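This report refers to the structure that appears directly beneath it.
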Amino acid sequence: MSTATVYSIETIQWTPEGVVMIDQTRLPRHTEYITCRTYVEVADAIRTMVVRGAPAIGVAAAMGVAIGALRSENLAADMPVICETLAKTRPTAVNLFWAIERMRTLYQRSVLLPPARIQEALVAEAQRIRLEDIAINEAIGRHGAPLVPDGKTVLTHCNAGALATAGFGTALGVIRAAVQAGKKIDVFADETRPFLQGARLTAWELQQDGIETTLITDSMAGHFLKSGRIGCVVVGADRIAANGDVANKIGTYGVAVLAKENGVPFYVAAPISTLDLTLATGDLIPIEERAASEVTHVQGVAVAPEGIRVANPAFDVTPNRYVTGIITEHGVASAPYEESLARLARRA
Ligand code: MRU
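What follows is the structure in structure tokens.
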């Protein structure tokens with residue numbers, strides 16, 4: 244088994260009792276952990292965003308398959324149902340489907356073994372996916388840190404940190420690695436309406452690390468990008484098409500356009516498992532539509548008139564022409580992305 248650093252924020256873990264997750268709907272006011280004892284509970288935790296962020300929901304789905312298999316008395320009958328239930332939780336982040344596929348493939352390869360051995364193998368695979376994710380994020384950090392200008396501010400959107408992964412983070416991993424390399428940087432975190440991942444999660448996790456952070460509303464990004472103080476933008480991704488179009492949290496597209504307008508480099512940090520080379524362009528990426536109440540209410544308090552029509556796409560797609568580079572664990576891809584992404588993916 245590969246070794247991985249243990250970080251202070253434990254997003255998701257496998258324990259003898261079940262899958263333990265920090266409840267991200269309760270942060271930053273409450274640091275609470277929930278234990279999912281069945282695959283249905285894991286699926287609910289993904290759907291309700293107790294666990295969120297593309298790599299973290301991939302790990303959660305893998306652990307969901309493992310716990311489903313462990314509780315099953317008829318693997319042949321139950322495995323398809325377990326995989327389908329988990330696959331139906333959220334549509335955009337491809338890491339979810341990647342992880343389920345990896346678990347399904349292992350199951351199919353070991354189907355002739357005694358059930359106890361298959362269950363053991365699936366549990367081990369889920370734990371391996373978690374540890375690999377941490378190591379991958381550290382590698383993303385190593386590739387990304389040199390791109391971060393010293394003495395400047397890094398702007399980020401949503402939460403692509405330890406909380407969105409098994410540990411260290413992708414975009415925040417690049418920031419952490421730059422700080423560890425001795426760069427004097429600070430961070431501007433967009434609050435990220437409507438779910439407030441920036442305000443509730445990024446601000447909290449960077450504060451835990453003692454990284455100097457300023458919280459801004461989404462509408463302030465253009466003002467600061469124009470000011471000359473932002474050295475680069477670094478965000479995560481939920482799915483990246485073969486041509487380098489990037490689906491990420493709603494609002495990312497606007498930040499990317501504003502970055503280009505002001506000559507600020509815009510980087511995307513993501514593992515190879517976030518690439519979906521089966522999709523030629525980002526137009527083919529399914530965009531999740533979430534509940535209207537996320538827009539009409541803030542932390543349970545109504546901020547809009549009752550009955551108002553609401554749109555709530557959870558993600559948008561940034562066209563590749565706005566992306567300066569895509570930082571992966573195998574290196575940094577740049578335009579033309581069809582070639583550079585395919586080359587990096589082949590190294591997986
Ligand atoms: O809806 P969420 O909170 O799951 O969306 C998360 C994001 O958009 C992240 O930026 C993305 O998953 C990358 S996380 C390393």
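Counted the way the working numbering counts, the sequence shown spans residues 244 to 591.
Built from N, CA and C at the ideal position, the CB exists for glycine as well.
All figures in this text were calculated on a predicted structure; none of them were measured in a lab.
Would you identify the three-state DSSP class for isoleucine 289, choosing helix, strand or coil? helix
Excluding the five sequence neighbours on either side, which residues of its own chain have a C-beta within less than 6 Å of the C-beta of threonine 328, listed in chain order? Cβ neighbours of threonine 328 beyond the five flanking positions: Ala286.
Given a threshold of 16 other Cβ atoms within 10 Å of its Cβ, counted over all protein chains shown, does threonine 254 qualify as buried or as exposed? buried
Considering only the beta carbon of each residue, do aspartate 481 and glycine 525 sit closer than 8 Å? Cβ distance not < 8 Å, so aspartate 481 and glycine 525 don't count as in contact.
From which residue to which residue does the beta strand (DSSP E) around glutamine 542 run? No beta strand (DSSP E) contains glutamine 542, which DSSP labels as neither H nor E.
Quick check: the Cα distance between valine 476 and methionine 292, rounded to an integer number of angstroms? Their Cα atoms are separated by approximately 25 Å.
State yes or no: is the C-beta of valine 575 within less than 8 Å of the C-beta of histidine 386? yes
Taking only runs that begin and end inside the stretch 436 to 482, name each unbroken alpha helix (DSSP H) of 4 or more residues, in chain order. 446 to 452, 464 to 469
Taking the alpha-carbon positions, what's the alanine 382 to alanine 403 distance? 15 Å
Which value, in whole angstroms, describes the spacing of the CA atoms of valine 507 and isoleucine 473? When rounded, the distance between both Cα atoms is 7 Å.
Helix, strand or coil for valine 489, going by three-state DSSP, please let me know. strand
For cysteine 401, is the beta carbon positioned less than 7 Å from some heavy atom of the ligand MRU? yes
Pick from Ala359, Asn338, Ala364 that is closest to leucine 349, judged by C-alpha positions: Checked all of Ala359, Asn338, Ala364; the closest Cα to leucine 349 is Ala364.
In or out: serine 245 buried (at least 16 other Cβ within 10 Å) or exposed? For serine 245, the predicted structure reports a pLDDT of 40, less than 50, and the residue's modelled location is therefore unreliable. A value from the coordinates is still provided. With fewer than 16 other beta carbons inside 10 angstroms of its own, serine 245 counts as exposed.
Where alanine 513 falls, given that 16 or more other Cβ within 10 Å makes a residue buried: buried
Is glutamine 440 near the ligand MRU, in the sense that its beta carbon is under 7 Å from a heavy atom of that ligand? yes
Let me know if leucine 406 comes out buried or exposed under the rule of 16 or more other beta-carbons within 10 Å of its beta-carbon. Looking at its Cβ environment, which holds 16 or more other Cβ atoms inside 10 Å, leucine 406 is buried.
Looking at the structure shown, is alanine 484 part of a helix, part of a strand, or coil, going by DSSP? strand
Can you pull the DSSP bridge partners for leucine 398? Note: leucine 398 is bridge-paired with Phe431, Val476 in the DSSP secondary-structure output.
Does proline 548 pass the burial test, meaning 16 or more other C-beta atoms within 10 Å, or should it be called exposed? exposed
Taking DSSP as the reference, what is the three-state secondary structure of isoleucine 325? helix
Do the stretch 307 to 317 and the stretch 276 to 290 meet, that is, are 3 or more Cβ pairs less than 8 Å apart? yes
Following the continuous alpha helix (DSSP H) through glutamine 351, name the residue where it begins and the one where it ends. 337 to 352
Is proline 437 buried or exposed, if buried means 16 or more other CB atoms sit within 10 Å of its CB? buried
What are the boundary residues of the alpha helix (DSSP H) that includes isoleucine 383? 358 to 387
In whole angstroms, give me the CA-to-CA distance for leucine 584 and threonine 567. 13 Å
Beta-carbon separation (whole angstroms), isoleucine 593 vs glutamate 572, contact threshold 8 Å: Because the chain in this structure spans residues 244 to 591, residue 593 falls outside the shown range and cannot be described.
Between the CA atoms of phenylalanine 411 and isoleucine 277 - distance to the nearest angstrom: C-alpha separation (whole angstroms): 21 Å.
Taking all protein chains shown into account, decide if lysine 492 is buried (16 or more other Cβ within 10 angstroms of its Cβ) or exposed. It is buried - the Cβ of lysine 492 has at least 16 other Cβ atoms within 10 Å.
Within 8 Å, strictly: CB atoms of arginine 419 and aspartate 393: no
Enumerate in chain order the residues of its own chain whose CB-to-CB distance from tyrosine 580 is below 6 Å, with the five nearest sequence positions on each side excluded. Excluding residues within five positions, the ones whose Cβ falls inside 6 Å are Asn486, Gly487, Asn563.
Less than 7 Å separating the Cβ of aspartate 481 from some heavy atom of the ligand MRU? yes
Could you tell me how far apart the beta carbons of alanine 599 and valine 417 are, in whole angstroms, since I believe they sit closer than 8 Å? With the chain represented from 244 up to 591, any question about residue 599 goes unanswered, as that position is not in the structure.
Closest Cα partner of leucine 318 within the set Ile530, Arg347, Gly296: Arg347
Consult DSSP for leucine 415 and reduce its assignment to one of helix, strand or coil. helix
Supposed contact pair phenylalanine 431 and threonine 396 - C-beta distance, whole angstroms, cut 8 Å: Right, the Cβ-Cβ distance comes to about 5 Å (below 8 Å), so this counts as a contact.
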